[in-house]
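**Q** If you read the sequence shown in our numbering, its first letter stands for residue 109, the second for the next number, and so on.
We treat Cβ as the ideally placed atom computed from N, Cα and C, and that holds for glycine.
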Amino acid sequence: MTRRLITMAAAILAFALSASAQQIPEGYAVVDSVVFRPVALTDSSLAGRSVFSIMPSKAKGGKADVRIHQSDAIARAMRSYVYSNGSRPIAGYRVRIFSDNKQNARGASEAAYRRFCAGHPGIAAYRSFQTPFFRVTVGDFRSRSEAVELLDKIKGEFPGAFIVKEPDINYPVVDKTHAYVRDTVRVLRKVEP
109 MTRRLITMAA AILAFALSAS AQQIPEGYAV VDSVVFRPVA LTDSSLAGRS
159 VFSIMPSKAK GGKADVRIHQ SDAIARAMRS YVYSNGSRPI AGYRVRIFSD
209 NKQNARGASE AAYRRFCAGH PGIAAYRSFQ TPFFRVTVGD FRSRSEAVEL
259 LDKIKGEFPG AFIVKEPDIN YPVVDKTHAY VRDTVRVLRK VEP
């Protein structure tokens with residue numbers, strides 16, 4: 109969360125500096141800074157398009173010819189369904205790497221969270237408190253088999269880890285091999301005397 113806020117602040121500041129011809133305040137300098145931002149959660153090239161419009165057809169130069177015969181009422185109902193459920197949360201799976209209610213559980217959950225984030229950049233991690241437990245869960249997976257892959261990968265590092273079903277996960281990233289994009293932005297930084 110902190111990383112996202114820093115990235116957003118840097119991007120806003122960079123935009124503000126490039127959008128205006130303001131003078132740089134005394135004691136500050138514009139410097140390049142590397143930021144990591146998450147990749148798109150969905151394929152933006154498909155935004156606003158129906159799956160039916162991307163089916164191959166010989167008329168469009170494709171090798172296959174897929175024809176769909178349906179009434180306009182069905183097409184309207186499908187568009188209505190997609191539109192009304194666009195912001196609906198999805199159920200899925202995460203891997204719980206920490207769950208405890210001892211006196212030192214808060215500090216231990218923070219340590220587990222930091223250790224996971226440092227060792228596995230690009231995989232989402234979440235700390236929560238549900239009386240009386242402090243918990244750390246990681247990942248956003250649509251299927252249990254995807255969660256098992258991560259569990260197998262981190263089992264040596266977090267031997268007590270297990271898979272949990274969550275009623276509300278964030279949409280998993282499209283490109284699992286590149287969860288973050290590295291970018292350079294110009295930011296305003298205070299110059300030390």
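Three-state secondary structure (DSSP) at residue 230?
**A** Working through the sequence shown from its first residue, we reach residue 230 at position 122. Three-state DSSP puts residue 230 in coil, outside helix and strand.
**Q** Taking C-alpha atoms, which residue in 186, 143 and 261 lies nearest to residue 291?
**A** Position 183 of the sequence shown holds residue 291. Ranking the options by Cα distance to residue 291, first place goes to 143.
**Q** Report the rounded CA-to-CA distance for residue 248 versus residue 174, giving the unit in angstroms.
**A** Numbered from its first residue, the sequence shown carries residue 248 at position 140. Numbered from its first residue, the sequence shown carries residue 174 at position 66. Whole-angstrom Cα-Cα distance: 34 Å.
**Q** Any contact of the segment 222 to 240 with the segment 182 to 195, i.e. 3+ C-beta pairs under 8 Å?
**A** These segments do not touch.
**Q** Confirm, please, whether the CB-CB distance from residue 241 to residue 208 is below 9 Å.
**A** In the sequence shown, residue 208 corresponds to position 100, counting from 1. In the sequence shown, residue 241 corresponds to position 133, counting from 1. Contact flag set, yes.
**Q** Just to confirm the assignment: which complete beta strand (DSSP E) runs, minimum length 3, are found wholly within the segment 155 to 208?
**A** Entirely contained in the segment 155 to 208, the beta strand (DSSP E) runs reaching 3 residues are, in chain order, 198 to 208.
**Q** For residue 199, I'd like the list of residues in its chain whose CB is within less than 6 Å of its CB, leaving aside the five on either flank, ordered along the chain.
**A** Position 91 of the sequence shown, counted from the start, is the residue given in the question as residue 199. The residues are 275.
**Q** Could you compute how far the alpha carbon of residue 197 sits from the alpha carbon of residue 250?
**A** The residue you call residue 197 lines up with position 89 of the sequence shown. The residue you call residue 250 lines up with position 142 of the sequence shown. C-alpha separation (whole angstroms): 12 Å.
**Q** Do we get a CB-CB distance below 9 Å when we pair residue 134 with the residues of chain B?
**A** Structure shown: chain B not included; a single protein chain is present.
**Q** By a C-beta neighbour count over all protein chains shown, 10 Å radius and 16 as the cutoff for buried, is residue 295 buried or exposed?
**A** Counting from one through the sequence shown, the residue named residue 295 turns up at place 187. Counting Cβ neighbours within 10 Å, residue 295 comes out buried, since at least 16 surround it.
**Q** Using only the alpha-carbon positions, how far apart do residue 172 and residue 162 sit?
**A** Taking the first residue of the sequence shown as position 1, residue 172 is located at position 64. Taking the first residue of the sequence shown as position 1, residue 162 is located at position 54. For residue 172 and residue 162, the distance between alpha carbons rounds to 12 Å.
**Q** In whole angstroms, what is the alpha-carbon distance linking residue 268 and residue 205?
**A** For this step, residue 268 is matched to residue 160 along the sequence shown. For this step, residue 205 is matched to residue 97 along the sequence shown. The alpha-carbon atoms of residue 268 and residue 205 are separated by roughly 7 Å.
**Q** Using only alpha-carbon positions, find the residue among 234, 203 and 228 that is nearest to residue 218.
**A** In the sequence shown, the residue the question calls residue 218 occupies position 110. Answer by Cα proximity: 234.
**Q** Quick check on this structure: which residue in 243, 164 and 201 has the alpha carbon closest to the alpha carbon of residue 212?
**A** By 1-based counting over the sequence shown, the position of residue 212 is 104. That would be 243, whose Cα lies nearest to the Cα of residue 212.
**Q** Taking 6 Å as the limit between beta carbons, can you name the residues of its chain near residue 170, skipping five residues before and five after?
**A** Looking up residue 170 in the sequence shown gives position 62. The answer, listed in chain order, is 164.
**Q** For the ligand PLP, is there a heavy atom less than 8 Å away from the beta-carbon of residue 256?
**A** Among the ligands in the structure shown, none appear at all, so the ligand PLP cannot be discussed.
**Q** Just to confirm my understanding: we take residue 298, look at its own chain, exclude 5 residues before and 5 after, and list those with CB closer than 7 Å. What are they?
**A** Here residue 298 corresponds to residue number 190 of the sequence shown, with the count starting at 1. Cβ neighbours of residue 298 beyond the five flanking positions: 135 and 136.
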